[in-house]
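Engineer: The structure that follows is given in the form of structure tokens.
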Amino acid sequence: MSKIWIVAENTAWLAVLAAYAKSLQPDGEITAFVHGDEAAARQGIALGATAAFALPLPADALWESYTPLLAEKARAEQPALILLSAAKRCRDMAAQLGALLDAPCFSDVKNLSLTPDGVSGETLVYGGAGVAQATTRAATVLATVAAKACDPALADASRSGTVATLAPAPGAAQVTARLPREARSVNLDGAAKVVGVGRGLSEQKDLAGIEALAKAIGAEMACSRPIAEFFKWMPEERYIGISGQQIKPQLYLAVGISGQAQHYYGVRDAKIIVSVNKDAEALMNLNADYYIVGDWKEVAPSLIQAFGAV
Numbered sequence: 501m502s503k504i505w506i507v508a509e510n511t512a513w514l515a516v517l518a519a520y521a522k523s524l525q526p527d528g529e530i531t532a533f534v535h536g537d538e539a540a541a542r543q544g545i546a547l548g549a550t551a552a553f554a555l556p557l558p559a560d561a562l563w564e565s566y567t568p569l570l571a572e573k574a575r576a577e578q579p580a581l582i583l584l585s586a587a588k589r590c591r592d593m594a595a596q597l598g599a600l601l602d603a604p605c606f607s608d609v610k611n612l613s614l615t616p617d618g619v620s621g622e623t624l625v626y627g628g629a630g631v632a633q634a635t636t637r638a639a640t641v642l643a644t645v646a647a648k649a650c651d652p653a654l655a656d657a658s659r660s661g662t663v664a665t666l667a668p669a670p671g672a673a674q675v676t677a678r679l680p681r682e683a684r685s686v687n688l689d690g691a692a693k694v695v696g697v698g699r700g701l702s703e704q705k706d707l708a709g710i711e712a713l714a715k716a717i718g719a720e721m722a723c724s725r726p727i728a729e730f731f732k733w734m735p736e737e738r739y740i741g742i743s744g745q746q747i748k749p750q751l752y753l754a755v756g757i758s759g760q761a762q763h764y765y766g767v768r769d770a771k772i773i774v775s776v777n778k779d780a781e782a783l784m785n786l787n788a789d790y791y792i793v794g795d796w797k798e799v800a801p802s803l804i805q806a807f808g809a810v
């Protein structure tokens, strides 16, 4: 039976990675590493790990300080697979661990499997326009797993296992100050319905019409990258794409979005995609489950009226 490690930034990610590991190998040996104290590590046991390690972060230390220690343990224990959360900290760690171990890494992996021939998985290439499938026989393989890859595992407080705390190795870089991050005003990850806007809107004031539509259907607002990064019409936390947020709502309504691969990557797992675009050949229309060809300024009021009548 292959050994699987899971490395998570917090217990929420831990639950996703534990479920993913068990889906690959239900009776396999899982070792959990989680940022936090021993209570966080004990949560790893409850979620299915046989051993769990807490990775507390001293005030002057960087998350990357744990990388050499994890690499040393991996060389000694030879896990077949190391699953890391596809969040910023663990993505960086995955790259560094891969370099230290000379091990391959599947980024934002899809359809991962453990077989007698090795580890197989799919990743997106060419900015999300294509899918590459690969199999490796490397002794240790790394993979980053998206938050919506599977439903989180359920904790079982009756489970038992070994729990320990690891201290980070001293690093050349030290943290001199930590500043609080501005509070997020939106949780796109948890939204059941999302309305996204793109460059089909000609002015920032047009957002008011889309906000009314989002309110009518009980949806969160999101956008394509140019709206947030170039025009600054919406905060960056609301843009969707390869370098932005990846979401999995029940409904994604794209208004005036061309649907280039960078954006579609972030919504491809939505249960239903609806597009409103005056260009019948827009990629968003072609990739949608349903689409309306027309000017959003004419379509949106009709949709608001229709939803208001429901």
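Heads up: the sequence shown begins at 501 in our numbering, then just goes up one per residue.
Built from N, CA and C at the ideal position, the CB exists for glycine as well.
For clarity, every value in this text was computed on a predicted model and none was experimentally measured.
Restricting to runs no shorter than 4 residues, where is the alpha helix (DSSP H) found entirely within the stretch 541-619?
Structural biologist: 567-577, 588-601
Engineer: Evaluate contact between the stretch 632-643 and the stretch 581-600, counting only Cβ atoms and requiring at least three cross-stretch pairs below 8 Å.
Structural biologist: yes
Engineer: Just the C-alpha distance for V516 and Q525, rounded to the nearest angstrom, thanks.
Structural biologist: 14 Å
Engineer: Mapping DSSP to helix, strand and coil, what is L457?
Structural biologist: Nothing can be reported for residue 457: it is not among the residues displayed for the chain, which extend from 501 to 810.
Engineer: Report yes or no: do the stretch 652-664 and the stretch 595-608 share at least 3 C-beta pairs separated by less than 8 Å?
Structural biologist: no
Engineer: Determine which residues share a DSSP beta bridge with I506 and list them.
Structural biologist: A532, L583
Engineer: Under the criterion of a Cβ to heavy atom distance below 8 Å, does P749 qualify as lining the ligand ATP?
Structural biologist: As far as ligands go, the structure on display features none, and thus does not contain the ligand ATP.
Engineer: Would you report the Cα separation of G766 and V694, rounded to the nearest angstrom?
Structural biologist: 12 Å
Engineer: Return the Cβ separation of P726 and R699 in integer angstroms, given the expectation that the two are a contact with Cβ distance under 8 Å.
Structural biologist: 6 Å
Engineer: For V686 versus M721, is the C-beta distance shorter than 9 Å?
Structural biologist: Annotated as proximal: V686 and M721, with beta-carbon spacing under 9 Å.
Engineer: Within its chain, find whatever has a CB closer than 6 Å to the CB of G709; leave out the 5 residues flanking it on each side and keep chain order.
Structural biologist: A800
Engineer: Pop quiz: T511 and G536 are said to be a contact at Cβ under 8 Å. What is the actual Cβ separation, rounded to whole angstroms?
Structural biologist: About 7 Å separates the beta carbon of T511 from that of G536, a gap short enough to meet the 8 Å contact definition.
Engineer: Pick from S620, K648, S613: whose alpha carbon is nearest that of A587?
Structural biologist: K648
Engineer: Give the secondary structure of N787 by DSSP, where H, G and I count as helix, E and B as strand, and everything else as coil.
Structural biologist: helix
Engineer: When we look at the beta-carbon of R589 and count the other beta-carbons within 10 Å, is it buried (16 or more) or exposed?
Structural biologist: buried
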